[in-house]
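The listed protein sequences correspond, in order, to chains A and B.
Taking our numbering, the leading residue of the first sequence gets 20, the next gets one more, and so forth.
Taking our numbering, the leading residue of the second sequence gets 2, the next gets one more, and so forth.
Okay, structure first, notes after.
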Amino acid sequence: SKEEDVKDEL
Amino acid sequence: MNIFRLSGDMTHLMSVIVLLLKIHTIKSCAGISLKTQELYALVFATRYLDIFTDFVSVYNTIMKLIFLATSFSIVWYMRHHKIVRRSYDKEQDTFRHLFLILPCLILALVVNEKFTFKEVMWTFSLYVEAVAILPQLVLLQRTKNIDNLTGQYVFLLGAYRALYILNWIYRYLTEKHFVHWITWISGLVQTLLYADFFYYYINSWKNNVRLQLPA
């Protein structure tokens with residue numbers, strides 16, 4: 020998915 | 002945001018609060034490894050390079066700022082505060098951080114998703130975080146009597162890691178969110194490092210005796 024590159028975790 | 006991720010972040014935050022509590026109220030950092038604290042400051046400084054460029058959420062930005070500010074202030078207190086620095090177990094805290102930082106840097110340069118400065122630094126921060134607790138665990142093993150706050154601090158850090166693994170499993174099952182294998186392996190390694198400590202911590206808690214690690 021596109022979300023792969025979003026670093027949304029800390 | 003799921004319950005595991007939120008609980009993970011909260012235990013992480015609580016670990017920092019416990020440490021600050023020890024520093025501010027008891028004015029002591031006895032049993033705390035400055036090496037580990039410096040490694041964490043390095044972890045956050047290299048991981049959150051995107052803080053002002055990539056916006057995720059207000060929650061995300063605030064948490065990043067908190068971890069950056071607290072990690073650097075803890076290092077400052079341990080190094081420079083007139084009273085706090087006197088309680089630092091310098092002779093016992095002998096782990097050389099360069100032995101951890103250098104291999105992590107080389108590994109990040111070789112094993113990464115994309116060879117860009119930001120991405121290599123981000124990968125480097127994951128590798129360093131995986132091993133950052135080692136100087137603290139060595140110091141704990143050398144300390145005869147581990148005080149409650151120090152024990153709780155390490156326990157909360159370990160709980161934070163374990164919850165993040167549950168969070169990845171949950172995200173995979175519900176969102177089909179794919180955690181890159183670099184994140185997954187370094188996160189797993191990091192959590193496994195706590196296994197031994199957890200065993201003794203839970204035992205001492207169950208038997209209501211002071212935490213002591215075998216030499």
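Every residue, glycine too, gets a C-beta built ideally from N, C-alpha and C.
Query: In chain order, what residues of the same chain have a beta carbon less than 6 angstroms from the beta carbon of B:S88, not counting five sequence neighbours either side?; Result: S29, C30, A31
Query: Could you check where the alpha helix (DSSP H) with B:K115 kicks off and where it finishes?; Result: Segment: none, B:K115 is in no alpha helix (DSSP H) and carries neither H nor E.
Query: Could you tell me whether the Cβ of B:S16 comes closer than 9 angstroms to any Cβ of chain A?; Result: no
Query: Give me the Cα-Cα distance between B:A46 and B:K65, rounded to the nearest whole angstrom.; Result: 10 angstroms
Query: Check the Cβ of B:F68 against every Cβ in chain A and list those closer than 9 angstroms, keeping chain order.; Result: L29
Query: My understanding is that B:V76 touches B:A42, with C-beta atoms under 8 angstroms, so please give their C-beta distance in whole angstroms.; Result: 5 angstroms
Query: Just to check my reading of the structure: B:I33 and B:L20 have Cβ atoms closer than 8 angstroms, yes? What is that Cβ distance to the nearest angstrom?; Result: 7 angstroms
Query: Which stretch, first to last residue, makes up the alpha helix (DSSP H) that contains B:G152?; Result: 149–176
Query: Please decide whether B:W123 counts as near chain A, where near means a Cβ-Cβ distance under 9 angstroms.; Result: yes
Query: Show which residues of chain A have a CB atom less than 8 angstroms away from the CB atom of B:N61.; Result: D27, L29
Query: Can you pull the chain A neighbours of B:V155, defined as C-beta to C-beta under 7 angstroms?; Result: By Cβ distance, chain A contributes nothing, its closest Cβ being about 19 angstroms from B:V155, past 7 angstroms.
Query: Hey, how far is the Cα of B:K119 from the Cα of B:N168?; Result: 25 angstroms
Query: Among B:A196, B:K91, B:L108, B:Y78, which has the Cα closest to the Cα of B:T124?; Result: B:L108
Query: Given that B:M64 touches chain A, what residues does it touch there, using C-beta distances under 8 angstroms?; Result: L29
Query: With B:L158 and B:S16 assumed to form a contact (beta carbons below 8 angstroms), what rounded beta-carbon distance in angstroms separates them?; Result: 5 angstroms
Query: By Cβ distance below 7 angstroms, which residues in the same chain neighbour B:D197 in space, the five residues on each side in sequence not counted?; Result: none
Query: On the three-state DSSP scale, how would you describe B:T54?; Result: coil
Query: Within 10 angstroms of the Cβ of A:V25, are there 16 or more other Cβ atoms? Answer buried if so, exposed if not.; Result: exposed
Query: Cβ closer than 9 angstroms: which chain A residues qualify as neighbours of B:D51?; Result: K26
Query: I need the straight-line Cα distance from B:T62 to B:F56, nearest angstrom please.; Result: 7 angstroms
Query: Relative to the C-alpha of B:Q38, which candidate in B:S74, B:I52, B:T54, B:N208 has its C-alpha closest?; Result: B:S74
Query: Contact criterion: CB-CB distance below 9 angstroms. Does B:N3 meet it with respect to chain A?; Result: no
Query: Could you name the residues of the same chain whose beta carbon sits closer than 7 angstroms to that of B:G152, not counting the 5 residues immediately before and after it, in chain order?; Result: Y202, L212
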